[in-house]
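Note that this note's numbering numbers the sequence shown so that position 525 is 546, with each residue one more than the last. Heads up: the structure comes next, in structure tokens.
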Amino acid sequence: MCGIAGIFLRNGDTVGEQPLAAMTTCLTHRGPDGDGFFRRGPVGLGHRRLAIIDLVTGDQPMSNEEAGVTVVFNGEIYNFRELRRELEARGSRFRTASDTEVILRAYEEYGLDCLRHLRGMFAFAIWDHRRQRLFLARDRVGIKPLVYAWDGRRLLFASEPKAILEDPSVPRRIDWEALRDYLTLHYIPSPRTIFADIRKLPPGCFLTVDVNGGAPRVQRYWDLRFEPDLRRREGEWLEGLQAHLQDAVSSHLVSDVPIGAFLSGGMDSSTVVALMARATRGDVRTFAIGFDEASHDELAHARRVAQHHGTQHFEFVVKPDALDALPKLVWQFDEPFADSSAIPTYFVSKITREHVTVALSGDGGDENFLGYSRYVRALALHERLDHFPGVLARLLFRLAAWLAPDTLRGHGYVEMLGSDPVARYFRLMAFERSAGLRRILSTEAQDQVAPHVTPALFHTLGAAAGAPDYASTLQSIDVRCYLPEDILTKVDKASMLVSLESRVPLLDHVLMEFVATMPSGLKFDNGAGKVILKKAMAGHLPAGTLTRRKMGFGVPLAEWFRRDLGAYTREVLEGRRTRERGLLDARAVSAVLDEHQSGARDRSSQIWALLCLEEWARRWLDR
């Protein structure tokens, strides 16, 4: 795991040492074990290393001078040993034992098509001197980040926006559509960032730019297709799933440093720990986070799973003073990010790093196996509304929403019922409707933001999947949007802040492609998700783990904002700096705070989003 950065010039200049060093040094938290630099003519590549594989000879940038190819790489290639043997059989000769060199040799052998041979998580840059071409790529699901800025004459890229912002000529202008997306979804979908001049390379895509060509070209090389295979029986699916799960977890254990696992006690993390224990024959270290508030505490469940598998188990309790870490998280995330589970993710990463360098997580299980409670709501509504006389029902709901005052409580729910199925799911996911945005933003900000929030993005993502049913459409939307932009961003940023490599075996693309061929009825049945996963893991987990209700990884913000953090929240959101910044309507913000603290409504998610936005502005906009 590492941090990468680079500069590409189109104007004939040579990349300077100082700008490249500044960008790379900014990423030290991602790679505390050393740095490396490559400068040749129009390109400069920088690398910060967290040593995981081949601790002696795996330094970067890594070059083959004979071929004129140099690579910087962030991530892990889990099939690198198998791929190395394949490349050696084709004539490649290796100098190291690293997975980095496997990427280099694969590119020499297959060119841009090397991507389809890689199994892992990655973001890398390859400079091909002979072709005068820079090649950037990101893994299929978006586990590892990569951002870039292009001004027509130069391209800057890095693992994190802060490295690009080390260049003082890059403007810190707000992308107003990104702000709208943030306030609506609490994260910012690709390719936007909050900065108008910085873009994310989307998951499953690569970028090429050459000295004599035009603008950088972004192309997609992978997409998850939901194409159910109706020929197999359930027993065959179960057997295949068990084999794919074990293979995915076992492959993710390759490491030359100590390795452990996050354990919440939920179905997904417990599955990973169970399969990890089987692959390693015990000797597993697990790490769990809890809260004093019983409604959010899962320590007892995690402890039960740890005892069942005989792991060496570590625990930590998060308290309200954990928000002291907010400025650090705001710096690390670079843009406003309002998934409050970033807080426990950071703290569990912190305690984990005291014992190991690599940790496996259970992220991805909900997206693969239809585990979120919102799927239950969406599918139930779909069943009731989208068959005859569903069309008539939607028309009536739309009429009711149009006639009712926008301020009426429940207006948004009625409006949602009158939407088409994809738009309805968007509204289930959205934290803020168009009307809410108009109220919370200042008049000046409203002039910059599109007046209506639409589910256009979700429609695009849903259509691109070619899904055969509504359940698969929901999965495809989440795999392409919520998963990479929220879940994986959170895990990467929080873990890398403490130089911990996090791995997500349930997002192994081979496993995901297999699960995508399952009929939806195997995953979701009678209002419950993860049906086949529970059957596959029966006998491997404590009985209560398979049947208990999903709790999630949330934070008791509602209680904290009414109790311990009420004064702090008002100090920030009603303070002079916030008012003078002019992004938010002061009266609307005060109304939200009053409504929450009175107990009239739970506004904790909205308050948290506004708090993160203001703290971000103070860190990244104020000079």
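Just so you know, even glycine gets a beta-carbon here, dropped at the ideal spot from N, CA and C. If you're wondering where the values come from, they're calculated on a predicted model, not measured in any experiment.
| message | For Leu391 and Leu604, what's the separation of their Cα atoms in angstroms? | response | Taking the CA atoms as reference points, Leu391 sits about 37 Å from Leu604.
| Residues near Arg3 in its chain [Cβ-Cβ closer than 7 Å; skip 5 each side] | The structure shown has nothing for residue 3, since the chain only spans 22 to 644.
| field | Inter-residue spacing [alpha-carbon to alpha-carbon] between Arg430 and Thr566 | value | Only weak support exists for where Arg430 lies, its pLDDT of 46 falling under 50; the coordinates are left without a value.
| request: Decide if Thr292 is buried, meaning its Cβ has at least 16 other Cβ atoms within 10 Å, or exposed. | output: By the neighbour-count rule (16 or more Cβ atoms within 10 Å), Thr292 is buried.
| query | Taking just the CA atoms, how far does Phe354 sit from Gly67? | reply | Cα to Cα, Gly67 sits roughly 20 Å from Phe354.
| message | Between the alpha carbons of Pro526 and His50, how many angstroms are there, rounded? | response | Each residue's alpha carbon lies about 24 Å from the other.
| field | Buried versus exposed, by CB contacts within 10 Å (16 or more), His334 | value | With 16 or more Cβ atoms within 10 Å of its Cβ, His334 is classed as buried.
| field | Cut-off 6 Å between Cβ atoms - residues of its own chain near Phe156, not counting five sequence neighbours on either side | value | Here the set comprises Ile147, Thr229.
| request: Alpha carbon to alpha carbon, how far is Asp441 from Ala422? Give it in angstroms, no decimals. | output: Reliability fails at Ala422, whose pLDDT of 49 lies under 50, so the model's placement of it is uncertain and no value is given.
| request: Starting from the C-beta of Thr214, find all residues in its chain whose C-beta is less than 8 Å away, skip the five residues before and the five after it, and write them out in chain order. | output: Non-local beta-carbon contacts of Thr214 in its own chain, meaning distances under 8 Å to residues more than five positions away in sequence, involve Val168, Pro182, Asp196, Ala199, Arg220, Lys221, Asp355, Glu356 in chain order.
| How far does the alpha helix (DSSP H) with Asp231 in it reach, from first residue to last? | For Asp231, no alpha helix (DSSP H) encloses it; the enclosing beta strand (DSSP E) starts and ends at 226-231.
| request: Taking Gln333 as part of the beta strand (DSSP E), name the residues at either end of that continuous run. | output: Annotation for Gln333: the continuous beta strand (DSSP E) segment containing it runs 333-339.
| query | Any idea if Arg194 is buried or exposed, counting beta-carbon neighbours within 10 angstroms, 16 or more meaning buried? | reply | With fewer than 16 Cβ atoms within 10 Å of its Cβ, Arg194 is classed as exposed.
| said: What would DSSP say about Gln240, mapped onto helix, strand or coil? | reply: Gln240: strand per DSSP, three-state reduction.
| said: Measuring alpha carbon to alpha carbon, tell me which residue in Glu592, Ala621, Gln618 is nearest Ala607. | reply: Distances from the CA of Ala607 to each of Glu592, Ala621, Gln618 were compared; the closest alpha carbon is that of Glu592.
| query | Should the stretch 301-314 be called in touch with the stretch 529-537, which here means at least 3 C-beta pairs below 8 Å? | reply | No: fewer than three Cβ pairs fall under 8 Å.
| message | In this structure, how does DSSP classify Gly483 when only helix, strand and coil are distinguished? | response | Three-state result, Gly483: helix.
| request: Using only alpha-carbon positions, find the residue among Ser497, Ala184, Thr205 that is nearest to Pro40. | output: Scanning Ser497, Ala184, Thr205 for the CA closest to the CA of Pro40 turns up Ala184.
| message | Out of Arg161, Pro53, Ile508, Asp490, which one is the CA nearest neighbour of Asp387? | response | In this structure, Ile508 is the residue among Arg161, Pro53, Ile508, Asp490 with its C-alpha nearest to the C-alpha of Asp387.
| said: My output table needs one value for Lys555: the three-state DSSP class, helix, strand or coil. | reply: Looking at Lys555 - three-state DSSP - the assignment turns out to be helix.
| task | Tell me where the beta strand (DSSP E) around Thr91 begins and ends. | result | Thr91 -> beta strand (DSSP E) spans 90-98.
| task | Per DSSP, which residues does Phe145 bridge with? Please list them. | result | Phe94, Ala158.
| said: Does the stretch 490-503 come into contact with the stretch 341-352, if we say contact requires no fewer than three beta-carbon pairs (one atom in each stretch) closer than 8 Å? | reply: Put simply, the stretch 490-503 does not touch the stretch 341-352. Fewer than three CB pairs are less than 8 Å apart.
| query | Quick one: Cα of Asp490 to Cα of Ser541, how far? | reply | Roughly 8 Å separates the two Cα atoms.
| request: Whole angstroms is fine: what's the gap from Ile98's alpha carbon to Glu404's? | output: Rounded to whole angstroms, Ile98 and Glu404 show a C-alpha spacing of 42 Å.
| query | Are the Cβ atoms of Phe145 and Val90 separated by less than 8 Å? | reply | Taking 8 Å as the Cβ cut-off, Phe145 and Val90 do not qualify as a contacting pair.
| task | Inspect the CB distances between the stretch 101-119 and the stretch 73-84 and report whether three or more fall short of 8 Å. | result | These segments touch.
| request: Following the continuous beta strand (DSSP E) through Ala169, name the residue where it begins and the one where it ends. | output: Checking the displayed sequence, the identity of residue 169 turns out to be Tyr instead of Ala. It spans 168-171 - the beta strand (DSSP E) in which Tyr169 sits, taken as one unbroken run.
| message | In the DSSP assignment, the beta strand (DSSP E) including Arg137 goes from what residue to what residue? | response | Looking at the DSSP string, Arg137 is not in any beta strand (DSSP E), and its letter there is neither H nor E.
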